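Structure record follows, encoded as structure tokens.
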Amino acid sequence: MSAETDTRVKAKIESQANATTEAQADTQTVARANAEMIAHAHAGPCRQAASAPQGRREDGRMASRPCSAGCLTHLIKAVQALPKMEVSREHPVRPTTFDPTRYRTGRPIAVGLSRQLLKKIHSGMAVGAEVAKILSAPEGNGLRWHQCGGAYLQVKDIFIKINKLNGNRYALHDAEPHRKITLKLKKNTFFIEGLRERLKNILTVGLGGRKRKHPVDVLKEQTGFTEESARRLLSQYHFPDHGVYSEYMFALDVEQWGIIPPWAARYKKPPRTGAFTEEIIETVVVLNPHFALHKLKLRLGEQLGEGGFGEVFLDADDNDYVIKRFFSDNNASAIAQHEAEAFQRYYGEQGAQVFYDEKQTPYLRMYKVPGQTLNALAPGSLPADAVQRFVDMLERLTRAGIIHGDLNAENILWDAESKMFFPIDIRNIKHDYFSCEWDEKLEMNETGENEWGEIIEAVEEKIPPSPDQSD
107 MSAETDTRVK AKIESQANAT TEAQADTQTV ARANAEMIAH AHAGPCRQAA SAPQGRREDG
167 RMASRPCSAG CLTHLIKAVQ ALPKMEVSRE HPVRPTTFDP TRYRTGRPIA VGLSRQLLKK
227 IHSGMAVGAE VAKILSAPEG NGLRWHQCGG AYLQVKDIFI KINKLNGNRY ALHDAEPHRK
287 ITLKLKKNTF FIEGLRERLK NILTVGLGGR KRKHPVDVLK EQTGFTEESA RRLLSQYHFP
347 DHGVYSEYMF ALDVEQWGII PPWAARYKKP PRTGAFTEEI IETVVVLNPH FALHKLKLRL
407 GEQLGEGGFG EVFLDADDND YVIKRFFSDN NASAIAQHEA EAFQRYYGEQ GAQVFYDEKQ
467 TPYLRMYKVP GQTLNALAPG SLPADAVQRF VDMLERLTRA GIIHGDLNAE NILWDAESKM
527 FFPIDIRNIK HDYFSCEWDE KLEMNETGEN EWGEIIEAVE EKIPPSPDQS D
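Every letter in the sequence shown is one number past the one before it in our numbering, and letter 189, counting from 1, is 295.
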């Protein structure tokens with residue numbers, strides 16, 4: 107090999123290593139692949155430049171003299187001498203797909219899409235050309251990857267962002283009309299996951315729950331986010347210090363839908379201020395259980411409802427809260443504490459707190475959950491994918507480690523602004539479920555599925571008929 111060629115090879119290797127370092131990627135993998143490509147490209151001219159061919163191959167064609175051993179040895183040593191770079195565990199580099207200026211390694215994987223799924227795909231779901239140009243070669247599941255970690259599925263000539271859920275389950279996100287399509291990968295083909303399959307997944311996979319995480323940690327687990335970018339995104343919003351629409355709810359929405367939730371737009375503005383003018387119906391002096399000598403005043407506003415365990419009032423001092431006064435009962439304290447703990451698991455540690463008056467009557471102060479009960483909704487007021495959004499709520503409950511023991515149409519609220527269902531009067535029976543015998547588990551599963559079926563029927567009654575049904 108000439109000294110000039112030797113210099114060009116070294117320069118090309120160093121150039122590739124520097125470029126990938128700037129991209130904060132796995133420079134060692136990329137540099138090695140590039141060096142192997144250079145070696146392969148270089149070997150050809152060397153063979154052609156050899157003085158004479160040596161013998162014939164089995165197919166009868168002339169075989170060229172191989173490149174000198176010293177030439178290839180030099181290339182191998184150059185690759186091995188590359189500095190060790192720290193590999194990014196968050197966003198490992200994957201081989202880049204082929205075009206005239208780049209290479210592809212690995213065997214391309216082709217995946218299919220069911221006919222039903224193909225009907226749901228449209229050009230509005232595609233990413234821009236600038237993203238499509240820098241995606242990797244297809245990996246084991248046929249997905250292509252961005253260097254920042256985002257996964258994409260190629261459908262004909264367009265690329266669509268896709269999120270992994272668990273196991274062989276994935277989700278596509280359609281900004282118009284803001285819906286999520288859950289998928290299952292079976293035998294190298296993506297299918298739309300049916301409602302029955304989603305419910306089965308909740309029973310078989312989702313009951314484990316998870317510890318509530320910081321919003322930054324939730325976002326970091328999503329493709330395309332680092333800790334810095336997650337904090338930067340959260341810093342653009344001013345969520346209320348207390349309330350359902352919190353940073354954590356924002357992060358969960360991004361996790362589930364893959365986009366910024368529409369309801370978050372109003373929180374880019376400064377938080378709402380101003381004095382409350384709610385009429386005070388009653389003032390109750392209560393004790394903080396954590397500070398026995400610290401007395402507080404709860405001012406009860408408008409009565410919002412009454413249930414089997416107590417009556418609910420608006421907090422006259424802060425309209426983002428409600429106060430539930432429990433009826434006198436031997437188990438009232440235990441019921442209040444249990445409900446507070448379940449509420450905190452779903453809505454956050456600051457979401458609920460129990461107080462006691464001088465007669466030891468428990469008062470539960472908690473976030474005011476937005477929306478109307480399912481039974482109170484007018485016919486035709488829910489979107490066409492409302493059933494799927496109800497299942498989204500069930501999945502949120504299971505991720506929080508909650509099995510709702512009293513789920514019915516009166517204990518589910520629909521918030522038209524966020525287009526989300528919210529559970530209330532949460533009675534967590536997860537401990538009972540896992541401590542009972544197998545036959546009792548089967549009975550509880552059957553009861554739960556029957557309750558889900560009744561709620562789904564109630565949801566479907568609130569969905570406007572499709573054009574086909576109205577004809």
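Here a beta-carbon is modelled for each residue, glycine too, at the ideal position from N, C-alpha and C. Just so you know, these numbers come straight off a predicted model, no measurement behind them.
Under the three-pair Cβ rule at 8 Å, the segment 420-435 does not count as touching the segment 495-513. Pro368 sits in a helix when the DSSP states are folded into three classes. By the Cβ test, the segment 486-495 is in contact with the segment 558-570, since at least three Cβ pairs between them sit closer than 8 Å.
Under the three-state reduction of DSSP output, Val217 falls in the coil class, being neither helix nor strand. Proximity of the segment 470-479 to the segment 499-507 falls short of the contact definition, fewer than three beta-carbon pairs being nearer than 8 Å. Excluding its 5 nearest sequence neighbours in each direction, Lys374 has C-beta neighbours in its own chain below 8 Å: Gln342, Tyr343 and His344, listed in chain order.
Look at Gly554 here: in three-state DSSP terms it is helix. Asp323 sits exposed, since fewer than 16 C-beta atoms from the chains shown fall within 10 Å of its C-beta. Around the beta-carbon of Asp538, fewer than 16 other beta-carbon atoms lie within 10 Å, marking it exposed. Val460 and His228 have their C-alpha atoms some 50 Å from each other. Phe356 and Gln494 have their C-alpha atoms roughly 19 Å apart.
Going by DSSP, Lys290 is part of no alpha helix (DSSP H) but of the beta strand (DSSP E) stretching over Arg285 to Lys292.
Note that the C-beta distance between Asp531 and Asn551 is not below 7 Å.
Counting C-beta atoms within 10 angstroms of its own C-beta, Glu299 has 16 or more neighbours from the protein chains shown and is therefore classed as buried. At a cut-off of 4 residues, the continuous stretches assigned as alpha helix (DSSP H) that sit fully inside the segment 436-495 are 438-453. In summary, Trp251 is buried, with 16 or more beta-carbon neighbours lying within 10 Å of its beta-carbon over all protein chains present. Apart from the 5 residues on each side of it in sequence, Ile535 sits with its Cβ closer than 7 Å to the Cβ of Ile509 and Gly511 in its chain, given in chain order. Per DSSP, His320 is not a residue of any beta strand (DSSP E), being assigned neither H nor E. In the three-state reduction of the DSSP assignment, Arg533 falls in the coil class, being assigned neither a helical nor a strand state. The DSSP-derived three-state label of Glu546 is helix. The alpha-carbon of Asp545 is positioned some 15 Å away from that of Glu555.
Per DSSP, reduced to three states, the secondary structure at Tyr276 is strand.
Classified as buried, Leu406 has 16 or more neighbouring CB atoms from the shown chains inside 10 Å of its CB. At the C-beta level, Gln450 and Ala458 come within 7 Å of one another. Separation of Lys239 and Ile264 (C-alpha to C-alpha, rounded to the nearest whole angstrom) is 11 Å.
DSSP lists Val418 as the beta-bridge partner residues of Gly411. Here Lys326 is not bridged, per DSSP, to any residue. Within a 10 Å sphere around the beta-carbon of Gln362 sit 16 or more other beta-carbons, which makes this residue buried. With contacts defined by Cβ atoms closer than 7 Å, Val350 and Tyr473 form a contacting pair. Counted as a single uninterrupted DSSP element, the stretch harbouring Ala243 is not any beta strand (DSSP E), since DSSP gives it neither H nor E. Looking at Leu410, Phe297, Leu259 and Gly234, the one whose alpha-carbon comes closest to that of Ala243 is Leu259. Closest in C-alpha terms to Leu358, from the list Glu334, Lys225, Glu333 and His320, comes His320. Residue pairing of Glu388 in beta bridges, as defined by DSSP: Leu406. In the three-state DSSP reduction, Val237 falls in the helix class (H, G or I). If you look at Leu519, you'll find it in the beta strand (DSSP E) that goes Ile518 to Asp521. The three-state reading of DSSP puts Leu271 in coil, since its state is none of H, G, I, E or B.
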